[in-house]
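One structure is given here, and the rest of the page talks about it.
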Amino acid sequence: MATPVTSGLKQVKPILSLTHIEAHRKVITLYKTWYRQIPFIIYFNFVKKANYIIPVTKEECQQKLREEFYRHANVRDLRVIDMLLVKGQMELQEVCAQWKPAATLLRYWKETEEPKPKDFMSKFLSGHE
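Under this note's numbering, think of the first position of the sequence shown as 2, with each following residue one higher.
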(Lines of atoms letter the chains of each structure in order from A and count residues from 1; the text may use other names and numbers.)
(Lines give C-alpha, C1' and ligand atoms only; values in the text may rest on other atoms or scores of the structure.)
Protein backbone atom coordinates (compact mmCIF):
# COMPACT_ATOMS: atom_id res chain seq x y z
CA MET A 1 0.00 0.00 0.00
CA ALA A 2 2.65 2.42 -0.94
CA THR A 3 1.59 5.82 -2.09
CA PRO A 4 3.18 7.18 -5.24
CA VAL A 5 5.90 9.70 -4.59
CA THR A 6 5.49 12.92 -6.45
CA SER A 7 8.83 13.94 -7.71
CA GLY A 8 9.62 17.48 -8.51
CA LEU A 9 12.20 20.04 -7.87
CA LYS A 10 11.46 23.28 -6.20
CA GLN A 11 12.87 26.24 -8.09
CA VAL A 12 14.97 28.30 -5.70
CA LYS A 13 15.67 31.96 -6.26
CA PRO A 14 19.41 32.79 -6.32
CA ILE A 15 20.78 35.27 -3.83
CA LEU A 16 22.86 37.58 -6.04
CA SER A 17 23.96 35.93 -9.27
CA LEU A 18 21.60 34.71 -11.96
CA THR A 19 24.16 32.76 -14.01
CA HIS A 20 27.48 31.04 -13.44
CA ILE A 21 29.18 33.60 -15.66
CA GLU A 22 27.95 36.45 -13.48
CA ALA A 23 29.03 34.60 -10.33
CA HIS A 24 32.46 33.93 -11.84
CA ARG A 25 32.83 37.61 -12.68
CA LYS A 26 31.96 38.58 -9.10
CA VAL A 27 34.45 36.06 -7.71
CA ILE A 28 37.23 37.44 -9.92
CA THR A 29 36.32 40.98 -8.84
CA LEU A 30 36.47 40.00 -5.17
CA TYR A 31 39.82 38.26 -5.71
CA LYS A 32 41.27 41.35 -7.41
CA THR A 33 39.94 43.60 -4.64
CA TRP A 34 41.58 41.42 -1.97
CA TYR A 35 44.79 41.28 -4.00
CA ARG A 36 44.93 45.08 -4.27
CA GLN A 37 44.28 45.55 -0.55
CA ILE A 38 47.10 43.26 0.65
CA PRO A 39 49.84 45.95 0.61
CA PHE A 40 47.59 48.37 2.49
CA ILE A 41 46.67 45.73 5.07
CA ILE A 42 50.34 44.94 5.73
CA TYR A 43 52.32 48.14 5.18
CA PHE A 44 49.79 50.87 5.85
CA ASN A 45 48.91 49.37 9.21
CA PHE A 46 52.60 49.06 10.03
CA VAL A 47 53.34 52.72 9.20
CA LYS A 48 50.21 53.98 10.91
CA LYS A 49 51.03 52.11 14.14
CA ALA A 50 47.61 50.57 13.90
CA ASN A 51 45.90 48.12 16.20
CA TYR A 52 47.67 45.16 14.66
CA ILE A 53 50.81 44.42 12.74
CA ILE A 54 50.84 41.26 10.65
CA PRO A 55 54.24 39.50 10.71
CA VAL A 56 53.90 38.01 7.21
CA THR A 57 55.19 39.17 3.86
CA LYS A 58 53.19 40.37 0.91
CA GLU A 59 54.02 37.20 -1.03
CA GLU A 60 52.80 34.98 1.84
CA CYS A 61 49.53 36.91 1.95
CA GLN A 62 49.09 36.56 -1.80
CA GLN A 63 49.78 32.82 -1.60
CA LYS A 64 47.27 32.41 1.25
CA LEU A 65 44.67 34.38 -0.70
CA ARG A 66 45.18 32.09 -3.68
CA GLU A 67 44.86 29.02 -1.43
CA GLU A 68 41.62 30.28 0.11
CA PHE A 69 40.05 30.93 -3.28
CA TYR A 70 41.22 27.58 -4.70
CA ARG A 71 39.83 25.81 -1.66
CA HIS A 72 36.33 26.65 -2.90
CA ALA A 73 37.08 26.14 -6.60
CA ASN A 74 34.84 23.08 -6.91
CA VAL A 75 31.66 24.79 -5.65
CA ARG A 76 29.01 24.84 -8.40
CA ASP A 77 25.80 25.84 -6.60
CA LEU A 78 25.01 29.50 -7.28
CA ARG A 79 23.55 30.07 -3.83
CA VAL A 80 26.67 28.73 -2.14
CA ILE A 81 28.91 30.82 -4.41
CA ASP A 82 26.87 33.92 -3.56
CA MET A 83 27.06 33.13 0.15
CA LEU A 84 30.85 32.75 -0.09
CA LEU A 85 31.02 36.06 -1.97
CA VAL A 86 29.11 37.86 0.76
CA LYS A 87 31.33 36.30 3.43
CA GLY A 88 34.45 37.32 1.50
CA GLN A 89 33.25 40.89 1.16
CA MET A 90 32.41 41.07 4.86
CA GLU A 91 35.82 39.65 5.73
CA LEU A 92 37.54 42.23 3.54
CA GLN A 93 35.59 45.05 5.15
CA GLU A 94 36.44 43.78 8.65
CA VAL A 95 40.14 43.49 7.85
CA CYS A 96 40.41 46.88 6.14
CA ALA A 97 38.51 48.64 8.93
CA GLN A 98 40.57 46.73 11.54
CA TRP A 99 37.51 45.29 13.23
CA LYS A 100 39.09 41.85 13.14
CA PRO A 101 41.74 41.19 15.82
CA ALA A 102 45.24 40.23 14.73
CA ALA A 103 45.00 36.79 16.33
CA THR A 104 41.92 35.99 14.27
CA LEU A 105 43.65 37.17 11.11
CA LEU A 106 46.75 35.09 11.84
CA ARG A 107 44.69 31.89 12.10
CA TYR A 108 44.91 31.61 8.34
CA TRP A 109 48.61 30.79 8.66
CA LYS A 110 48.18 28.29 11.45
CA GLU A 111 49.09 24.70 10.64
CA THR A 112 45.90 22.75 11.21
CA GLU A 113 47.11 19.22 10.49
CA GLU A 114 49.82 17.75 12.60
CA PRO A 115 51.89 15.14 10.79
CA LYS A 116 51.17 11.60 11.91
CA PRO A 117 54.01 9.90 13.75
CA LYS A 118 55.85 7.40 11.58
CA ASP A 119 58.37 5.64 13.80
CA PHE A 120 57.70 3.63 16.94
CA MET A 121 59.08 6.15 19.43
CA SER A 122 57.01 9.02 18.02
CA LYS A 123 53.85 6.89 18.07
CA PHE A 124 54.59 5.78 21.62
CA LEU A 125 55.16 9.33 22.87
CA SER A 126 52.01 10.63 21.20
CA GLY A 127 49.95 7.78 22.68
CA HIS A 128 49.12 5.86 19.52
CA GLU A 129 50.81 2.59 20.54
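In this text, a Cβ means the ideal position worked out from N, Cα and C, and glycines have one as well.
Three-way DSSP call (helix, strand, coil) for residue i in this model
i    : result
K119 : coil
A104 : helix
Q99  : coil
P40  : helix
D83  : helix
S127 : helix
V76  : coil
L17  : coil
E112 : coil
Rounded C-alpha distance that separates residue i from residue j
i    : j    : result
Y32  : I16  : 19 angstroms
M122 : K111 : 26 angstroms
R67  : A74  : 10 angstroms
K101 : K119 : 38 angstroms
G89  : K117 : 32 angstroms
K27  : D83  : 9 angstroms
L85  : G128 : 39 angstroms
R80  : L93  : 20 angstroms
D78  : F125 : 45 angstroms
N- and C-terminal bounds of the alpha helix (DSSP H) containing residue i
i   : result
Y71 : 59-72
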